[in-house]
Amino acid sequence: MSRAGVGRVALVTDTALTPDQIQQIRDRVAELMPQVRADLEELVRIPSVSATSFDQAQVARSAEAVAELLRREGLEVDIVVEGGRPAVIGHLDGPEGAPTVTLYAHHDVQPPGDDADWDTPPFEPTERDGRLYGRGAADDKAGVMAHVAALRTHAGNLPVGVTVFVEGEEEFGSASLPTILEKHGHRLAADAIVIADSGNWAIGEPALTTTLRGGVRAVVRVETLDHSVHSGMFGGAAPDAVTAMIRLLASLHDDEGNVAVQGLDEGTAADLDYDEARFREESGLLDGVELIGSGSILTRLWNKPSITTIGLDVTSVEKASNTLAARAAAKVSMRLAPTQDPQAAFELLRTHLLEHAPWGARVTVDLEEHGSGFAADADGPVCDEARASFADAWGTEPVDMGVGGSIPFISDFVARFPEASIIVTGVEDPDTRAHGANESLHLAEFEKVCVAEAVFLARLGALPRG
């Protein structure tokens, strides 16, 4: 059964691992953590921003650093480049007849933005109040190191076969991933695929991510004049492109703030305690600013479409003159229900914008990027063992949760490996601030993530073979 949204999950208690074995794993991970953290900090110091305007030699340097970490654990490792940024593939056989697990993470990071917005330098990892700050400290170099920690925990006695796949351009759209899967997919095939690029419900509350929204990014252009003209001479009769753009973008939402584009999929998140006060705290919503949309907050975040204007090309305030602008452009990001086909969603968006062009303005809409959502079939022995591993590590019941963001490449894995169980987990928490200034990793939670993954490998290795 596929789960929409989130719900509490009963603990799995009939395990082939004894309490003593689980405690041994906890103790071993605790012993390893100082070196795991040191290795994580070295990765964070490499500014591996995959965006084109940044130094791609640093991404190559990061790939080599990851490859070296895997080589030290005995994996056979290759760095592969298929028209994009370098990815790392490593493999180590397990016992005869044991299942194989592919562990995914990515070593590239988002641009840091303005250094002035950071309390400490973005590529100099710094601990404050139990959190490690730095670009990539969580997203997703901690995911890389969770995999390394699990391997180190089982060094010399790996319970399953393991393939580690660390991508180098996830933050830049994963453009070469289809080619990598086409040419190297046979090396990534597994019984279970663990994608360490999500997060947990809260500090102290682990989660399995079972739904992700899809996404569409489009560029909207509006033209009203063949050249800009004096606002005093022509204003009041000739529409300017900026005002036309504002009216056009405003048509994308109704008065409550719901998306007004007709025909898009919507779903409903399962019930979990998440109130407005928590949302306001986690989002940084200013006092007096109202929430938009209708339905439960989690449904709005995980199972309904949203539209955000993320960029505008218009004359800046500083350089403005008394002129009617002839043209304007906007970049629009649309998040989609997990079940929505992104190409169909773009066509619905495009149709809406063309039909709502104000005053006969010329409107064009170009698709820049799209990606599918994810709705897991989150039942079966592999998912059961994953949940039980979270319970072993945290000592509390795990949560099945949705995420409002997108990991579009998961659909490529689903298509390429239809028989594999895909487990989406990660190291983030509600205060991680991934992609933003002061990104950070909660160090105590990170240790539990490492314990959970090591236990998960042991649990899979202990499943009956047949």
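For the sequence shown, the UniProt record's numbering gives the first residue as 1, with consecutive numbering after it. Glycine residues also receive a C-beta, built at the ideal position from the N, C-alpha and C atoms.
With a CB to CB cut of under 8 Å and the five nearest residues on each side skipped, what residues in its chain are close to residue i?
i    : result
R61  : I46, S48
V219 : A329, A330, K331, V332, V365, D366, E368
E182 : none
V12  : Legend: pLDDT at V12 = 43, less than 50; position of this residue unreliable, value from coordinates given subsequently. Counting only Cβ-Cβ distances below 8 Å, and skipping sequence neighbours, we find D384, E385, R387, A388, A391.
G168 : S48, S50, V59, S62, A63, G84, R85, P86, A87, V88, H106, H107, D108
H253 : V259, A260, I292, I307
A337 : R213, G214, L264, D265, E266, G267, N303, K304, P305, G373
Going by beta carbon distance, what residues of the same chain come within less than 6 Å of residue i, once the five residues before and after it are set aside?
i    : result
K304 : E266
V314 : V242, A328
I292 : G257
V424 : I195, S198, T209
S411 : S372
H308 : It is worth fixing the name first, because residue 308 is Thr in this sequence and not His. Cβ within range, chain order: S333.
H352 : V261
E453 : A146, A150
A361 : V222, T224, A244
H435 : Q110
For residue i, write down the residues that DSSP places opposite it in a beta bridge.
i    : result
F374 : L212
S176 : Bridge partners of S176: none, in fact.
S306 : R335
T126 : Y133
V363 : V222
V259 : H253
E369 : R217
Residue i by DSSP, collapsed to three states: which one?
i    : result
K319 : coil
I292 : coil
R350 : helix
V166 : strand
L188 : helix
G284 : coil
E42  : helix
E182 : helix
L312 : strand
A330 : strand
L298 : helix
L324 : strand
E355 : helix
E31  : helix
G267 : coil
P340 : Sequence inspection shows Gln at residue 340; the Pro mentioned does not correspond to that position. Coil at Q340, not helix or strand.
T13  : Note on T13: pLDDT 43, under 50, position unreliable in the model; the coordinate value appears next. Of the three classes helix, strand and coil, the one that applies to T13 here is coil, per DSSP.
R465 : coil
G7   : In this prediction, G7 has a pLDDT of 39, which is less than 50 and means its spatial position is unreliable; what the coordinates show is noted afterwards. Three-state result, G7: strand.
D273 : coil
Measuring CB to CB, does residue i end up less than 9 Å from residue j?
i    : j    : result
T224 : A241 : yes
V101 : T153 : no
A67  : I79  : yes
N322 : G236 : no
A142 : V451 : no
G373 : S421 : no
G426 : G288 : no
E419 : D139 : no
A458 : L92  : no
G184 : E82  : It is His, not Gly, that sits at residue 184 in the sequence shown. For H184 and E82, yes; Cβs fall inside 9 Å.
P239 : W359 : yes
E282 : P430 : yes
Y133 : N438 : yes
E447 : A30  : yes
G214 : A345 : yes
V144 : L32  : no
T339 : P206 : no
D39  : V148 : yes
L69  : V216 : no
R128 : P112 : no
P159 : A393 : no
H356 : L248 : yes
L301 : A325 : no
T211 : V403 : yes
L460 : D191 : yes
Check whether the Cβ of residue i lies closer than 8 Å to any heavy atom of the ligand ADP, and answer yes or no.
i   : result
T18 : Ligands displayed in this structure: none; no statement on the ligand ADP is therefore possible.
Between residue i and the rest of its own chain, which residues show a CB-CB distance below 7 Å, the 5 nearest in sequence each way excluded?
i    : result
A444 : G130
R465 : G97
**Item:** Segments of 3+ residues assigned as beta strand (DSSP E) that fall wholly inside the region 193-253
**Value:** For the region 193-253, whole beta strand (DSSP E) runs of length 3 or above, ordered along the chain, are 207-212, 214-223.
**Message:** Could you tell me which whole alpha helix (DSSP H) segments of length 4 or greater appear in the region 128-163?
**Reply:** Taken in chain order, the complete alpha helix (DSSP H) segments of 4 or more residues contained in the region 128-163 are 141-153.
**Message:** Going residue by residue through the region 380-456, where are the continuous alpha helix (DSSP H) segments of at least 4 residues, counting only ones entirely within it?
**Reply:** If we require 4 residues or more, the alpha helix (DSSP H) runs fully inside the region 380-456 come out as 381-394, 410-416.
**Request:** Please list the segments of the beta strand (DSSP E) lying wholly inside the region 47-120, counting only runs of 3 or more residues, in order along the chain.
**Result:** Taking 3 residues as the minimum length, the beta strand (DSSP E) runs contained wholly in the region 47-120 are 76-80, 87-92, 100-106, in order along the chain.
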